[in-house]
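**Q**
Residue numbers (our numbering): 17 to 205.
#1: Could you pull the DSSP bridge partners for residue 190 from this structure?
#2: Apply the 10 Å Cβ neighbour rule to residue 85 and answer buried if 16 or more other Cβ atoms are within range, or exposed otherwise.
#3: Beta-carbon within less than 6 angstroms of residue 191's beta-carbon, same chain only, minus the 5 sequence neighbours each way: which residues are those?
#4: Pick out whichever of 151, 145, 146 has its Cα sitting closest to the Cα of residue 129.
#5: If we ignore side chains and look at the alpha-carbon of each, how far apart do residue 142 and residue 160 end up?
#6: Whole angstroms is fine: what's the gap from residue 135's alpha carbon to residue 96's?
#7: Identify, in the order they occur along the chain, each residue of the same chain with its Cβ nearer than 6 angstroms to the Cβ of residue 127, setting aside the five sequence neighbours on each side.
#8: Give the DSSP-derived three-state secondary structure of residue 101 in the structure shown.
#9: Tell me which residue opens and which closes the alpha helix (DSSP H) that residue 45 is part of.
#10: Going straight from the alpha carbon of residue 182 to that of residue 102, what length do you get?
#11: Hey, is residue 94 close to the ligand ADP, as in C-beta under 7 angstroms from one of its heavy atoms?
#12: Could you name the residues of the same chain whose beta carbon sits closer than 6 angstroms to that of residue 194, not counting the 5 residues immediately before and after it, in chain order?
#13: Report the rounded CA-to-CA distance for residue 63 versus residue 154, giving the unit in angstroms.
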C-alpha cells in the first residue's frame, strides 16, 4: 500500500509538468502583435487571462455614436470664437464632425505677391475662388504646346482647323466640320 501511495504521489507531481510543457503562454511581444492586428482591421483589443493563467487578446468592435447637433454647434462655436473657420466633414462611420481651418482669406497684398511670383517664374497665375470666397493662386506652366501637329491632324481628317486662345492664353486648335452642303445617298426602307 505504501508503494501504491508513493507511485500515486509521483504521478500526481508529474501530471502538472506534462500539462505545463504542452501549453505555453504568449509572450508580451506576441500579445502586442495581436493588439496591433486588432487595430489594423479597425477593432479595439482587450486582454484577459484564460483558464491556464495565460494572457490572451480579444478583438472587439466598438459601438460608435455620432455627435449631436448641439455638440457640433458647440465645436463650431469654439472655432469661431477663436477667429477660425469651422468646416463640417463626415468620418468613416458617416458621422458629422467639425474641423477648424485657416482663420481668414489672404490679404490683397499677399494675393498680388502670389500673382507676381508666378509671372516671375514664367508661369500663368490661375486664380480660383473657394467655398468661402477666398482667392487661391496656382502657378500653371505657361509653356504652350505647338499647334501645327493639331492643325495637320484636322486636315488629314478633312476637317477645318479652328484656332482660339485657351484659358492660359496659349494658341489652341479645334477640329470642326467644314460649313457647306453635304450630299448623301439614301434608299427608302
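For every residue, glycine included, the Cβ atom is placed at its ideal position computed from N, Cα and C.
Keep in mind it's a predicted model, so treat the numbers as computed, not measured.
**A** With the given structure in hand:
#1: 178
#2: exposed
#3: 170, 175
#4: 151
#5: 15 angstroms
#6: 36 angstroms
#7: 151
#8: strand
#9: 44 to 56
#10: 36 angstroms
#11: Among the components modelled here there is no ligand, and therefore nothing to report on the ligand ADP.
#12: 176
#13: 52 angstroms
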